[in-house]
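Novice: I have a structure I would like to understand better, so I am pasting it below and will then ask my questions one at a time.
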Amino acid sequence: MKMKLQISLQMIVLLGSLIFPFVSIFAQEEDISLLRQRLLQDALIQQGFVPRVSQYMEPVFDQGHAYLRALSEDGSWPDVDYTDRDNEWEPLIALNRILVMSYDHANPDADTNPELLKGIESALSYWYKVNPECDNWYKNRIAKQMYLGVIGILVGENLREALRFLLIKDLTDKPSMTGSNRTLLATSVFYRGVLEGNPERIRMGVEGVTDQITIAEGEGVQVDYSFHQHGPYLYNGSYGSNFLRESIWMAAMVQGTAFTFSEEHLDLLRNYFWKGTRWMIRKGVLDYNVRGRQVGRPSGFDQRADILAPQLSYFIMADPMHREIYEDAKDRIVNRRPQDLSGNRHFWRSDYTVHHRNTHFTSLRMCSERTIGVETDVNSENLKGYYLPYGLTYIYRRGDEYENIFPVWDWTKLPGVTNPQELPIGKGNFTQDVAFVGGVSDGRFGVSAMEMDVGATRAKKSWFWFEDEWVALGAGISSENEHRITTGINQCRLNGPVYLGKDKEFSGDSLLINPEWIWHDSIGYLFHQTYPNELKLEVGEKTGNLHSIFGLGADTLYSVESFSLWYEHGQKPRGDHYAYTVLPGKSLIETNAYLEDQPIVIKYNTSEVQAVFHKKMQLSGMVFYKAGTVRLSDEFSVSVDRPCLLLIDHKSGYIWASDPSTKSTNLKIIRRKDGKVDNLPVQLPQGLEAGKSVLVNH
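Take the sequence shown: its position 360, counting from 1, is numbered 376 in the working numbering, and each next residue is one higher.
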């Protein structure tokens with residue numbers, strides 16, 4: 017009996033080993049069939065390929081038959097230069113037309129025309145006959161495949177076998193590279209695997225995406241949920257957006273199959289949007305400070321937050337447990353409402369600060385020895401952007417304040433930036449060899465600071481973020497540069513009148529000596545008289561050409577009515593300074609009332625320490641460029657034993673600290689209050705969290 021039972025068990029194991037492979041194969045075939053259906057539905061209904069290809073051109077649907085009629089007998093379009101090799105690569109026009117023809121061919125609601133398939137095959141045959149190539153590797157290895165994968169899904173088995181083979185072979189065989197580029201290549205691998213019916217290739221494509229969904233030390237998602245590409249370069253609004261788009265799209269496509277994303281991957285993607293990119297949006301605008309060199313592209317002039325709306329639709333599909341937060345975020349973008357957030361956040365991995373209130377959003381871009389500040393003249397883009405990372409502060413209310421202004425900008429007077437009136441023209445990556453750059457934040461208020469050394473010009477710059485206002489200080493402004501030194505305050509589109517004080521409307525341009533305040537477009541600019549300066553204000557129409565900042569495609573003249581305000585420091589200043597307060601979202605009357613009862617007290621503005629006290633909020637911000645003491649009153653002082661940033665809430669007694677240099681392991685704070693002395697030792701964050709804010713005393 018025992019022997020019979022043993023034989024029976026062996027038979028079961030043997031039968032199982034024979035049956036299970038068939039079950040597994042059947043399950044794989046079911047999954048691949050489901051993926052084909054989803055990809056086809058995504059192309060026809062969600063038109064999920066549009067966000068990928070629209071950076072090159074918007075597909076015009078229902079034009080397939082028009083493109084067919086324009087096709088030559090040899091399969092070419094006479095108005096397309098297939099030999100073009102530059103970055104504006106004309107052959108993509110041909111792929112765009114083939115894609116639209118394929119869409120019309122597969123669309124059950126479109127008029128059927130048997131000649132359409134013949135036209136698609138003819139156009140593809142010509143494509144592979146001439147085999148167009150671009151001098152920019154990206155167009156050959158990534159952009160082209162964005163079209164071919166969708167064409168393959170739309171035309172499917174109907175395509176001639178020889179052409180189908182060429183198309184599939186043109187898609188990526190395995191993932192490579194890092195960050196966003198790896199994600200895009202992996203998407204091509206995924207399409208190829210589905211078209212081949214190859215589960216291992218599909219898995220390679222999926223894993224090429226999911227292996228980037230991790231906290232990165234190099235390129236990719238950072239621990240503070242900023243995104244790096246091309247080295248430690250902040251890129252949430254470009255490469256980071258591509259990464260999120262492809263990742264969450266694929267998560268939606270494979271959801272419920274054997275290739276489903278893990279909960280850990282979905283958690284990280286959710287946090288990347290929720291704690292990262294969402295903080296970089298104001299109504300319909302995606303902050304220009306996180307778009308890298310895209311501010312020099314015509315496609316980068318518009319508001320662009322709309323590119324996130326389709327991503328949020330895929331979030332809903334892939335992560336339905338959090339449907340409500342995605343729907344709310346999407347609705348706010350589409351209907352040009354602020355995101356449901358208010359606070360201050362410093363991204364210590366990227367030298368970047370954001371400050372949100374219901375009435376406004378301000379972003380600050382800095383750079384240090386740890387980050388890349390800017391890319392210039394990459395693919396003829398961002399030709400004038402050298403000074404972009406040296407304290408640039410965008411101030412958003414509606415979101416259109418800087419729309420289309422970049423061709424007419426004076427790129428030597430950027431908002432918040434101190435620099436010579438000479439624009440270095442170079443090609444490549446640029447930053448400064450300075451360590452002391454960072455921020456401290458309690459989540460609602462904060463302080464940011466940057467030691468600056470660029471163009472033979474040095475300065476200590478800081479920003480203090482409060483409830484209704486923020487304060488900008490500059491000290492130790494010195495230069496050996498032969499050109500005048502200026503500090504920009506704002507340079508934006510003109511919207512309504514400009515007032516010098518409550519009753520004096522301004523027009524034209526003028527050099528202003530010690531004005532108390534200026535008001536424009538619901539923003540007040542207050543100038544602290546303890547630090548007198550010459551200011552220059554220009555109001556009126558400016559004209560500039562596109563090729564001055566973007567050397568590709570047709571040149572275009574732009575004319576924009578603009579508002580430009582800046583400090584004049586003169587030639588070769590020695591120890592100059594500035595101090596101003598910005599009041600976003602205030603009427604002319606409210607700005608005047610604020611000045612009459614001003615709560616801001618600038619306690620220090622030197623090369624060694626900068627400190628501001630807010631009387632009403634009982635909040636202090638302190639920047640120590642070296643060990644020292646800040647004395648706020650006879651009863652209260654703070655001393656530190658090394659450079660740091662402090663944010664002190666005098667009501668609660670809480671102190672937040674950070675080390676902008678990221679090099680210290682500890683900090684000693686001595687607080688003297690009402691005759692009592694507190695020694696407060698601080699263990700500072702290390703590793704990837706070096707530079708992060710820490711609560712000193714609970």
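Beta carbons: idealized from backbone N, C-alpha and C, even for Gly.
What does a CB cutoff of less than 8 Å around glutamine 507 pick up in its chain, not counting 5 residues either side in sequence?
Specialist: If we look at glutamine 507 and ignore the five residues flanking it on each side, its Cβ neighbours are Ile421, Trp425, Asp426, Lys429, Leu430, Pro431, Ser578, Phe579, Ser580, Leu581, Trp582.
Novice: Three or more C-beta pairs closer than 8 Å, one from the segment 133-142 and one from the segment 113-121: is that the case here?
Specialist: yes
Novice: Return the first residue and the last residue of the alpha helix (DSSP H) that lysine 134 is part of.
Specialist: The continuous alpha helix (DSSP H) containing lysine 134 extends over residues 130-146.
Novice: Output needed for aspartate 449: all residues of its chain with C-beta closer than 8 Å, excluding positions within five of it in sequence on either side, in chain order.
Specialist: Glu385, Asp469
Novice: Suppose you measure from the CA of glutamate 212 to the CA of isoleucine 231; what does that come to, to the nearest Å?
Specialist: 32 Å
Novice: In whole angstroms, what separates the C-alpha of arginine 219 from that of phenylalanine 275?
Specialist: 7 Å
Novice: Taking the alpha-carbon positions, what's the lysine 684 to isoleucine 671 distance?
Specialist: 12 Å
Novice: Use the C-beta contact count for arginine 373: other C-beta atoms within 10 angstroms, 16 or more gives buried, fewer gives exposed.
Specialist: buried
Novice: If you follow the alpha helix (DSSP H) that glutamine 71 is in, where does it begin and where does it stop?
Specialist: Element bounds for glutamine 71: n/a, residue is neither H nor E.
Novice: Rounded to a whole number of angstroms, what is the C-alpha to C-alpha distance between glutamine 245 and tyrosine 255?
Specialist: 7 Å
Novice: Apply the 10 Å Cβ neighbour rule to phenylalanine 317 and answer buried if 16 or more other Cβ atoms are within range, or exposed otherwise.
Specialist: buried
Novice: Taking all protein chains shown into account, do 16 or more other C-beta atoms lie within 10 angstroms of the C-beta of phenylalanine 503, making it buried, or fewer, making it exposed?
Specialist: Reading off the sequence, residue 503 comes out as threonine, not phenylalanine. Classification of threonine 503: buried, given that the 10 Å Cβ count is 16 or more.
Novice: Start and end of the beta strand (DSSP E) containing proline 697?
Specialist: 692-699
Novice: Quick check on the DSSP output: the alpha helix (DSSP H) that includes proline 215 runs from which residue to which?
Specialist: From DSSP, the alpha helix (DSSP H) with proline 215 extends over 215-226.
Novice: Going by beta-carbon coordinates alone, are glutamate 705 and phenylalanine 566 separated by less than 8 Å?
Specialist: no
Novice: What does a CB cutoff of less than 8 Å around leucine 187 pick up in its chain, not counting 5 residues either side in sequence?
Specialist: Non-local beta-carbon contacts of leucine 187 in its own chain, meaning distances under 8 Å to residues more than five positions away in sequence, involve Gln161, Leu164, Gly165, Gly168, Ser204, Val205, Tyr207, Arg208, Leu211 in chain order.
Novice: For alanine 491 and aspartate 592, what's the separation of their Cα atoms in angstroms?
Specialist: Spanning the two alpha carbons is a distance of roughly 6 Å.
Novice: Quick one: complete alpha helix (DSSP H) runs, 4+ long, within the segment 53-128?
Specialist: 66-69, 80-86, 107-122
Novice: Decide if leucine 489 is buried, meaning its Cβ has at least 16 other Cβ atoms within 10 Å, or exposed.
Specialist: buried
Novice: Of the residues Asp240, Ile493, Gly312, which one's Cα is nearest the Cα of asparagine 435?
Specialist: Here the closest residue by C-alpha is Ile493.
Novice: Looking only at its chain, what residues have a beta carbon closer than 6 Å to the beta carbon of serine 655, apart from the 5 residues adjacent to it on each side?
Specialist: Here the set comprises Thr645, Ile686.
Novice: Output the boundary residues of the beta strand (DSSP E) element that contains glutamate 550.
Specialist: 550-561 is the span of the beta strand (DSSP E), which, as asked, contains glutamate 550.
Novice: According to the neighbour-count rule (16 or more other Cβ atoms, all chains shown, within 10 Å of its Cβ), is aspartate 2 buried or exposed?
Specialist: The chain is shown only over 17 to 714; residue 2 falls outside these bounds and no answer can be derived.
Novice: By Cβ distance, which residues of its chain are closer than 6 Å to glycine 637, with the 5 residues on each side in sequence left out?
Specialist: Val463, Phe480, Val628, Leu663
Novice: What is the C-beta distance between arginine 286 and aspartate 335, in whole angstroms, given that I count them as a contact (C-beta under 8 Å)?
Specialist: 6 Å
Novice: Based on the DSSP secondary-structure assignment, which residues constitute the bridge partners of glutamate 467?
Specialist: Glutamate 467 is bridged to Lys476.
Novice: Would you report the Cα separation of glycine 455 and cysteine 383, rounded to the nearest angstrom?
Specialist: About 12 Å.
Novice: Could you tell me whether the Cβ atoms of threonine 387 and aspartate 356 are closer together than 8 Å?
Specialist: The Cβ atoms of threonine 387 and aspartate 356 do not sit closer than 8 Å to each other.
Novice: Checking 8 Å against the spacing of the C-beta atoms, do tryptophan 290 and tyrosine 330 come in under that value?
Specialist: no
Novice: So, helix, strand or coil for tryptophan 364, using DSSP?
Specialist: Tryptophan 364 falls in the coil class under three-state DSSP.
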